[in-house]
Ligand SMILES: Cc1cc2nc3c(=O)[nH]c(=O)nc-3n(C[C@H](O)[C@H](O)[C@H](O)COP(=O)(O)OP(=O)(O)OC[C@H]3O[C@@H](n4cnc5c(N)ncnc54)[C@H](O)[C@@H]3O)c2cc1C
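What follows is the structure, encoded as structure tokens:
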């Protein structure tokens, strides 16, 4: 007998929502995606895609700035040498940037990407409804078909399964309210018609560090306000130190152990007051102080969906909420705020809801990158887990400065670091700090996922010369039985 077609309603068209929709459609469900702000979500329209598009331009500026050391004389570039992006931006380099054109490119690319998502969903037969949706009270026991209902405008859509993937919103501090002109969230940057001359970035987590790095490279004078001892306090300490050193060498002012109490407009610019009374002036201020879940007004309490103590939707490892038949994925769950994790949570939800075999979400294999210059890419265990005794592992770290390809390219900031089990030799994780570390980390990611050992990676050919040669070299260092620690700089790569 033919099974009745399951119906799925998804609130939110970001990666958590649209990837789930594709899986559900593939499994034969009738799928409706309700989205208020554009397919692709904040990921595509305001956050991940636009920031990485901006960074594509800032990376090119870093290369141009270092070009003199590679023997290229750019008229008007000042002829400074010393490696890629070695020093501070020169006077007038901000004028190299056509800001309206840059921001137009960023927004056009985001719109095109959003349109691609729409095309893909349409091709899979997914219905898209534009508007703000909310759950209504469950009308029937959850085990029965059509147990849930979502309301959008005056339409009610009944479904067997609901997925909430409504994402997050920039956290707003009441004493530093963004005005969209001088005091900004990252979502408002691309509506400016100029590059900030003096940009104050409040918050030195991933988003703050990425924008500080990008705008510094584009020629803005950047002040980064960090409440902690160092930038990127949650990340690998060696990696954060490298990036902070690069920031400072390029002329960024990093105010550590400094907390912004208030930000206000001041004449033509902004004035940031720190909790200790010091003040910082600039032309613009970018607030990057976190993300809050977008869960207000969507009927969660009435539907029986519980929040955790941080205000995010409580989910288990197969994305179930406390309400039967209601799943949640992505930033609204606060599990790990990455597009890849949101997408995986969404897919897992659908596999589970529609009766497929499913492996619960594993966060210990997530590869992630911080798109500063140089980039920081990580996968697997963190060194803090080794230091605390939680994980037993050997650690090898090779600086990029000794890698022949890095020398040829004029890079000197960065390293590769591998963690391996001392008993089995299994690769447990790694950190790469390098230009395009986001690409290099795949080798470590495969090793972690496929339970490869240092011997197996060490016996794998890497190209000579290549940055990835440092990864195979690091494995060779780890496979030696009695390892006298050779000083850095001796490897063949
Ligand atoms: C500046 C920045 C850069 C980032 N860069 C990266 C990166 O390089 N790599 C990476 O992996 N991650 C990155 N992230 C994180 C990534 O953007 C998020 O993890 C991802 O967007 C989460 O996807 P989501 O589907 O949960 O939500 P979103 O992408 O936020 O999508 C949610 C959608 O739901 C809609 N919505 C909300 N409420 C309703 C409602 N009631 N009804 C209908 N629709 C609704 C919203 O309008 C939105 O369209 C970045 C984040 C930021 C802030």
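In my numbering, the protein residues as written are 1409 to 1901.
No residue lacks a Cβ here, since even glycine has one placed at the ideal position from N, Cα and C.
message: For a test of your reading of the model: does the CB of residue 1806 fall under 7 Å from any non-hydrogen atom of ligand 1? Yes or no.
response: Flag unset: Cβ of residue 1806 not near ligand 1.
- prompt: Considering residue 1689, what are the terminal residues of the beta strand (DSSP E) in which it resides?
  reply: Per DSSP, the continuous beta strand (DSSP E) segment holding residue 1689 begins and ends at 1687 to 1690.
- request: Can you tell me which of the three DSSP states residue 1556 falls into?
  value: The three-state secondary structure of residue 1556, taken from DSSP, is strand.
message: Taking the straight line between their C-alpha atoms, what separation do you get for residue 1632 and residue 1509?
response: Straight-line Cα distance between these residues: approximately 26 Å.
- prompt: Is residue 1754 helix, strand or coil by DSSP?
  reply: Three-state DSSP puts residue 1754 in a helix.
message: Short of 8 Å in beta carbon distance, which residues of its chain neighbour residue 1924, apart from the five on each side in sequence? Order them along the chain.
response: One cannot answer for residue 1924 here, as it falls past the ends of the chain, which runs 1409 to 1901.
field: C-beta atoms of residue 1823 and residue 1837 nearer than 8 Å
entry: With respect to residue 1837, residue 1823 sits apart: the two C-beta atoms are not nearer than 8 Å.
- prompt: With burial defined as no fewer than 16 other Cβ atoms inside 10 Å of the residue's Cβ, what is the status of residue 1882: buried or exposed?
  reply: Label assigned to residue 1882: buried.
- prompt: Alpha carbon to alpha carbon, how far is residue 1455 from residue 1608?
  reply: Their backbone Cα atoms lie some 19 Å apart in a straight line.
task: Counting only the same chain and skipping the five closest in sequence on each side, list residues whose C-beta sits under 6 Å from that of residue 1622.
output: Taking residue 1622 as the centre and dropping the five residues before and after it, the same chain places the C-beta of 1462, 1463 and 1466 closer than 6 Å to its C-beta, in chain order.
message: Taking the alpha helix (DSSP H) that residue 1415 belongs to, which residues open and close that run?
response: Taken as a continuous stretch (DSSP letters only), residue 1415 belongs to no alpha helix (DSSP H), being part of the beta strand (DSSP E) at 1415 to 1419.
query: Considering only C-alpha positions, which residue in the set 1453, 1525 and 1558 is nearest to residue 1513?
result: Of the listed residues, the one whose Cα sits closest to residue 1513 is 1453.
Same chain, Cβ closer than 7 Å to residue 1522, neighbours up to 5 away in sequence not counted: Taking C-beta separations shorter than 7 Å and ignoring five residues to either side along the sequence, the partners of residue 1522 in its chain run 1446, 1447, 1448, 1452 and 1453, following chain order.
task: Count the other CB atoms, across all protein chains shown, that sit within 10 Å of the CB of residue 1772; report buried if there are 16 or more and exposed otherwise.
output: That one is exposed.
- prompt: Under 8 Å, do residue 1501 and residue 1627 count as touching if we go by C-beta distance?
  reply: Taking 8 Å as the Cβ cut-off, residue 1501 and residue 1627 qualify as a contacting pair.
- request: Taking only heavy atoms of ligand 1 into account, decide whether any of them is closer than 7 Å to the Cβ of residue 1541.
  value: Judged by the Cβ position, residue 1541 qualifies as a neighbour of ligand 1 at the 7 Å threshold, a heavy atom of the ligand being closer than this.
7 Å CB neighbourhood of residue 1433 in its chain, flanking five on each side removed: Around residue 1433: 1439, 1532, 1533 and 1534.
- prompt: Quick one: Cα of residue 1904 to Cα of residue 1866, how far?
  reply: In the structure displayed, the chain extends from 1409 to 1901; residue 1904 sits before or after that span and is not available.
- prompt: Taking 7 Å as the line, does the beta carbon of residue 1743 fall inside it for any heavy atom of ligand 1?
  reply: No - ligand 1 has no heavy atom lying nearer than 7 Å to the Cβ of residue 1743.
field: Spatial neighbours of residue 1515 in its chain, beta-carbon cut-off 8 Å, leaving aside the 5 residues before and after
entry: Result list for residue 1515: 1458 and 1598, in chain order.
Buried versus exposed call for residue 1843 [16 or more other C-beta atoms within 10 Å across all chains shown]: Residue 1843 should be labelled buried.
query: Does residue 1736 have its Cβ less than 8 Å from a Cβ in chain C?
result: Protein chains in the displayed structure number just one, and chain C is not present.
field: Sub-8 Å separation of residue 1704 and residue 1425 beta-carbons
entry: The answer is no: Cβ separation not under 8 Å.
message: Quick check: the Cα distance between residue 1529 and residue 1517, rounded to an integer number of angstroms?
response: Between the C-alpha atoms of residue 1529 and residue 1517 there is a straight-line separation of about 19 Å.
- prompt: What number of angstroms, rounded off, separates the C-alpha of residue 1770 from the C-alpha of residue 1524?
  reply: About 29 Å.
message: Looking at the strands, I want to know which residues DSSP matches up with residue 1805.
response: The secondary-structure analysis by DSSP pairs residue 1805 across a beta bridge with 1825.
query: Any heavy atom of ligand 1 closer than 7 Å to the CB of residue 1504?
result: Because no heavy atom of ligand 1 lies under 7 Å away, the Cβ of residue 1504 does not count as near it: no.
Which residues DSSP lists as bridging residue 1610, in chain order: DSSP lists 1633 and 1695 as partners of residue 1610.
- prompt: In whole angstroms, what is the alpha-carbon distance linking residue 1744 and residue 1481?
  reply: Residue 1744 and residue 1481 have their C-alpha atoms some 45 Å from each other.
- prompt: Is it the case that the Cβ atoms of residue 1511 and residue 1592 are separated by a distance below 8 Å?
  reply: Annotated as distal: residue 1511 and residue 1592, with beta-carbon spacing of 8 Å or more.
- request: Rank 1658, 1659, 1681 and 1656 by C-alpha distance to the C-alpha of residue 1668 and give the top, closest one.
  value: Here the closest residue by C-alpha is 1681.
field: Contact test: residue 1693 Cβ vs ligand 1 heavy atom, cutoff 7 Å
entry: Not one heavy atom of ligand 1 is found less than 7 Å from the C-beta of residue 1693.
Cβ contact (3+ pairs, closer than 8 Å) linking the stretch 1557 to 1577 and the stretch 1692 to 1703: Contact between the stretch 1557 to 1577 and the stretch 1692 to 1703 is present, with at least three C-beta pairs closer than 8 Å.
message: So, with DSSP's three-state summary, where would you put residue 1357?
response: Residue 1357 is absent from the structure shown; the chain starts at 1409 and stops at 1901.
- prompt: Do you know offhand how far residue 1789's Cα is from residue 1639's?
  reply: Cα-Cα distance, rounded: 20 Å.
query: What is the DSSP secondary structure of residue 1507, reduced to helix, strand or coil?
result: Helix at residue 1507.
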